[in-house]
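Asker: Numbers given in our numbering equal positions in the sequence shown, counted from 1, plus 1142. This is the structure I want to talk about, given as structure tokens.
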Amino acid sequence: MTDQNIIPLPNVKKAEEEASLWIMRFDEGEISLETRQKFGAWYQKTEQNKQAYDRLSGLWQQLDHFHQETDLFQTDDDISSLHNAKAVLKKPVFHPLLKGAVAASFITCLTIIGYFQFTSPYASLNEVHTTSIGEQKTIELSDGSVVILNTNSSLEIDYRRHARHITLMKGEAFFTVAKSLNAPFVVMTDKGIAKALGTEFSVRLYEDKLDVVVREGIVEILKQEDHLTSQSEEDQGLKPLDQLIAGEAMRLAKNSNSAEPIILENVEDQLDWRDGILSFKGESLEKVIADVSRYTDLKIEIDGEDLRQQPIGGYFKVGETEPLFEALKIMANIDAEHISSTHIRLHRSE
């Protein structure tokens, strides 16, 4: 394998998607013997399948929508494994893990219910939320909007009459915004402002720039210094620096007068972190390690410029570094040297 080959990582995302489909199928009612046998074969095929199903079925039970299915397993060991996993999964869950229609439907229900229960003027709300390294957290707001706060992030919520303000102070967040014609949803940072009426988008804050990715609806981008009325009752007369629609993304550097478009092959890949997955499609090992490092206290250094530019492709579960190191060893002859319990050096094997 040459340095130009993309190293494929284990496809955790596929296992998550297949597991969610099995869960929905079981919830529909009586299952045939043939289907049970097919499920048993799928469940036993890989450890990834087992982990994905056990984790997602546990979440489904917490939502009170999943029926007991231990009789679907073919051996006593399988049943014991499932029960053990579900016992662990009764801990609090901070963000939705179900893929596709399951996750989309869950968030949509939260938004619709919230919209009809909380109408403008909004209930006054002022609070700060933070996450530690490796933690993700879901926050439900009084108007039905939902925020997923990523690792090592912090934001302040400031809801008042006819105003919905969020200040992202550090890190990254994804916003599912309940629609309101009377109160724009404004996300403020020291690099720039994102403003929406009802949409889905993410904001990531770096030391010197701001990234915005829009999944649904329209988001306006404003310069931070132009947002002079951010603490007033209304946000009127502000001219947007740029406007993004679904599937678009942009980057705004601090003190910049223009926004730089970010070309995306698939907007969902940029948002996989909401489901505990990082997606790579040929990014350099340096970029991959930078993303992985956001979810761990480990210091990971890369030995040599050639190795730093090695393309990587595949999916990786956030917070789990050892499977990545194993894949690099097997597929690219890259060793992970444990210099200390918190310091790893990646280098080519001799």
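Glycine is no exception: its CB is placed at the ideal position from the N, C-alpha and C atoms.
Return the CA-CA distance between tyrosine 1195 and leucine 1323, expressed in angstroms with no decimal places.
Answerer: Against the sequence shown, residue 1195 aligns to sequence position 53. Against the sequence shown, residue 1323 aligns to sequence position 181. Computed Cα separation, rounded: 41 Å.
Asker: State the DSSP-derived secondary structure class of arginine 1167, mapped to helix, strand or coil.
Answerer: Position 25 of the sequence shown holds residue 1167. Helix.
Asker: On a Cα-Cα basis, can you pick out the residue from Phe1317, Asp1433, Glu1407 that is closest to glycine 1276?
Answerer: The sequence position of residue 1276 within the sequence shown is 134, counting from 1. Of the candidates Phe1317, Asp1433, Glu1407, the one whose C-alpha sits nearest the C-alpha of glycine 1276 is Asp1433.
Asker: Our contact map puts aspartate 1445 next to threonine 1484 with C-beta atoms below 8 Å; I'd like the distance itself, whole angstroms only.
Answerer: Stepping through the sequence shown from its first residue, residue 1445 is reached at position 303. Stepping through the sequence shown from its first residue, residue 1484 is reached at position 342. Actually they are not in contact, since the Cβ atoms of aspartate 1445 and threonine 1484 sit about 18 Å apart, beyond 8 Å.
Asker: Taking only the alpha-carbon atoms, compute the straight-line gap between lysine 1429 and isoleucine 1173 and give it to the nearest angstrom.
Answerer: What you label residue 1429 is simply residue 287 of the sequence shown in a count that begins at 1. What you label residue 1173 is simply residue 31 of the sequence shown in a count that begins at 1. Between lysine 1429 and isoleucine 1173, the C-alpha separation is close to 45 Å.
Asker: Could you pull the DSSP bridge partners for proline 1403 from this structure?
Answerer: Residue 1403 sits at position 261 when you count from the first residue of the sequence shown. According to DSSP, proline 1403 bridges with Met1392.
Asker: Answer yes or no: do isoleucine 1405 and methionine 1392 have a C-beta to C-beta separation smaller than 7 Å?
Answerer: Your numbering for residue 1405 matches position 263 in the sequence shown. Your numbering for residue 1392 matches position 250 in the sequence shown. Contact flag unset, no.
Asker: Where do the N-terminal and C-terminal ends of the alpha helix (DSSP H) with serine 1435 fall, by residue?
Answerer: Your numbering for residue 1435 matches position 293 in the sequence shown. Unbroken alpha helix (DSSP H) run through serine 1435: 1427-1435.
Asker: Taking the straight line between their C-alpha atoms, what separation do you get for glutamate 1269 and isoleucine 1308?
Answerer: Residue mapping note: residue 1269 aligns to position 127 of the sequence shown, counting from 1. Residue mapping note: residue 1308 aligns to position 166 of the sequence shown, counting from 1. Glutamate 1269 and isoleucine 1308: Cα-Cα distance of roughly 10 Å.
Asker: Counting pairs of beta carbons, one from the segment 1344-1354 and one from the segment 1311-1330, are three or more of them closer than 8 Å?
Answerer: Yes, the segment 1344-1354 touches the segment 1311-1330.
Asker: Confirm, please, whether the CB-CB distance from glutamine 1452 to leucine 1427 is below 7 Å.
Answerer: For the purposes of this step, residue 1427 is taken as the residue at position 285 of the sequence shown. For the purposes of this step, residue 1452 is taken as the residue at position 310 of the sequence shown. Against a cut-off of 7 Å, the Cβ pair of glutamine 1452 and leucine 1427 comes out as a contact.
Asker: Flag phenylalanine 1327 as yes if its beta-carbon sits less than 7 Å from any beta-carbon of chain B, otherwise no.
Answerer: Absent from the structure: chain B. Only one protein chain is present.
Asker: Does the Cβ-Cβ distance between threonine 1272 and serine 1296 come in under 7 Å?
Answerer: Within the sequence shown, the letter at position 130 stands for residue 1272. Within the sequence shown, the letter at position 154 stands for residue 1296. Contact: yes.
Asker: Buried or exposed for lysine 1423, please, with buried defined as at least 16 other CB atoms from any protein chain shown within 10 angstroms of its CB.
Answerer: Against the sequence shown, residue 1423 aligns to sequence position 281. So lysine 1423 ends up on the exposed side.
Asker: Would you kindly check if the distance between the Cβ of valine 1319 and the Cβ of threonine 1341 is under 7 Å?
Answerer: Counted from its first residue, the sequence shown places residue 1341 at position 199. Counted from its first residue, the sequence shown places residue 1319 at position 177. Cβ distance < 7 Å, so threonine 1341 and valine 1319 count as in contact.
Asker: According to DSSP, is valine 1288 part of a helix, a strand, or is it coil?
Answerer: Locating residue 1288 in the sequence shown gives position 146, where the first residue counts as 1. Note: valine 1288 maps to strand in three-state DSSP.
Asker: Looking at the structure shown, is arginine 1357 part of a helix, part of a strand, or coil, going by DSSP?
Answerer: Position 215 of the sequence shown, counted from the start, is the residue given in the question as residue 1357. Residue state, collapsed to three classes: strand.
Asker: Would you call leucine 1370 buried or exposed, if buried means 16 or more other Cβ atoms sit within 10 Å of its Cβ?
Answerer: Along the sequence shown, read from residue 1 onward, the residue named residue 1370 stands at position 228. Note on leucine 1370: pLDDT 45, under 50, position unreliable in the model; the coordinate value appears next. Exposed.
Asker: With 16 other CB atoms within 10 Å as the buried threshold, where does serine 1482 fall?
Answerer: For the purposes of this step, residue 1482 is taken as residue 340 along the sequence shown, with counting starting at 1. Under this definition serine 1482 is an exposed residue.
Asker: What number of angstroms, rounded off, separates the C-alpha of lysine 1321 from the C-alpha of valine 1409?
Answerer: By 1-based counting over the sequence shown, the position of residue 1321 is 179. By 1-based counting over the sequence shown, the position of residue 1409 is 267. Going from the Cα of lysine 1321 to the Cα of valine 1409 covers about 22 Å.
Asker: Pull the bridge partners of histidine 1485 from the DSSP assignment, please.
Answerer: Reading the sequence shown from its first residue, position 343 is the one you call residue 1485. According to DSSP, which records beta bridges pairwise, histidine 1485 is partnered with Lys1441, Ser1482.
Asker: Enumerate in chain order the residues of its own chain whose CB-to-CB distance from arginine 1416 is below 6 Å, with the five nearest sequence positions on each side excluded.
Answerer: As a working note, residue 1416 is residue 274 in the sequence shown. Once the five neighbours on either side are set aside, the close Cβ partners of arginine 1416 are Ile1290, Phe1316.
Asker: In or out: glutamine 1190 buried (at least 16 other Cβ within 10 Å) or exposed?
Answerer: Residue mapping note: residue 1190 aligns to position 48 of the sequence shown, counting from 1. Its Cβ being crowded by 16 or more others within 10 Å, glutamine 1190 is buried.
Asker: Distance check for leucine 1310 and glutamate 1298, CA to CA, integer angstroms please.
Answerer: In the sequence shown, residue 1298 corresponds to position 156, counting from 1. In the sequence shown, residue 1310 corresponds to position 168, counting from 1. So the two alpha carbons sit approximately 7 Å from each other.
Asker: Would glutamate 1362 and lysine 1396 be called neighbours here (beta carbons separated by less than 7 Å)?
Answerer: What you label residue 1362 is simply residue 220 of the sequence shown in a count that begins at 1. What you label residue 1396 is simply residue 254 of the sequence shown in a count that begins at 1. In this structure, lysine 1396 does not lie closer than 7 Å to glutamate 1362 by Cβ.
Asker: Look at leucine 1364 and lysine 1333 and say whether their C-beta atoms are less than 7 Å apart.
Answerer: As a first step, residue 1364 is located in the sequence shown; it is residue number 222 there, counting from the start. As a first step, residue 1333 is located in the sequence shown; it is residue number 191 there, counting from the start. Their beta carbons are not under 7 Å apart, which means leucine 1364 does not touch lysine 1333 by this criterion.
Asker: Quick check: glutamate 1358 and alanine 1388, are their CB atoms within less than 7 Å of each other?
Answerer: Walking along the sequence shown from the start, residue 1358 turns up at place 216. Walking along the sequence shown from the start, residue 1388 turns up at place 246. Contact: yes.
Asker: Specify the secondary structure class of aspartate 1350 as computed by DSSP and reduced to three states.
Answerer: As a position in the sequence shown, residue 1350 is number 208, starting the count at 1. DSSP places aspartate 1350 in coil when its eight states are reduced to three.
Asker: If I'm right that arginine 1197 touches threonine 1293 with Cβ under 8 Å, what's the distance once you round it to whole angstroms?
Answerer: Within the sequence shown, the letter at position 55 stands for residue 1197. Within the sequence shown, the letter at position 151 stands for residue 1293. Arginine 1197 to threonine 1293, Cβ: 18 Å. No contact.
Asker: Enumerated in chain order, which unbroken segments of the beta strand (DSSP E) with a length of 3 residues or greater are wholly contained in the segment 1282-1330?
Answerer: List check, beta strand (DSSP E) in window: 1288-1291, 1296-1302, 1305-1318, 1327-1330.
Asker: According to DSSP, is threonine 1272 part of a helix, a strand, or is it coil?
Answerer: By one-based count along the sequence shown, residue 1272 stands at place 130. Three-state result, threonine 1272: strand.
Asker: Between phenylalanine 1327 and arginine 1303, is the Cβ-Cβ spacing less than 7 Å?
Answerer: Here residue 1327 is taken as the residue at index 185 of the sequence shown, counted from 1. Here residue 1303 is taken as the residue at index 161 of the sequence shown, counted from 1. Against a cut-off of 7 Å, the Cβ pair of arginine 1303 and phenylalanine 1327 comes out as no contact.
Asker: CA-CA distance, aspartate 1448 and glutamine 1278?
Answerer: Here residue 1448 corresponds to residue number 306 of the sequence shown, with the count starting at 1. Here residue 1278 corresponds to residue number 136 of the sequence shown, with the count starting at 1. Each residue's Cα considered, the two are about 33 Å apart.
Asker: May I ask you to report which of helix, strand or coil DSSP gives lysine 1333?
Answerer: Translated into the one-based positions of the sequence shown, residue 1333 becomes position 191. Note: lysine 1333 maps to coil in three-state DSSP.
Asker: Below 7 Å between beta carbons: does that hold for isoleucine 1454 and isoleucine 1486?
Answerer: Position 312 of the sequence shown, counted from the first residue, corresponds to residue 1454. Position 344 of the sequence shown, counted from the first residue, corresponds to residue 1486. The answer is no: Cβ separation not under 7 Å.
Asker: Check the C-beta distance from isoleucine 1419 over to lysine 1459 and give it rounded, since I have them as a contact under 8 Å.
Answerer: Along the sequence shown, read from residue 1 onward, the residue named residue 1419 stands at position 277. Along the sequence shown, read from residue 1 onward, the residue named residue 1459 stands at position 317. So it is a contact: roughly 6 Å between Cβ atoms.
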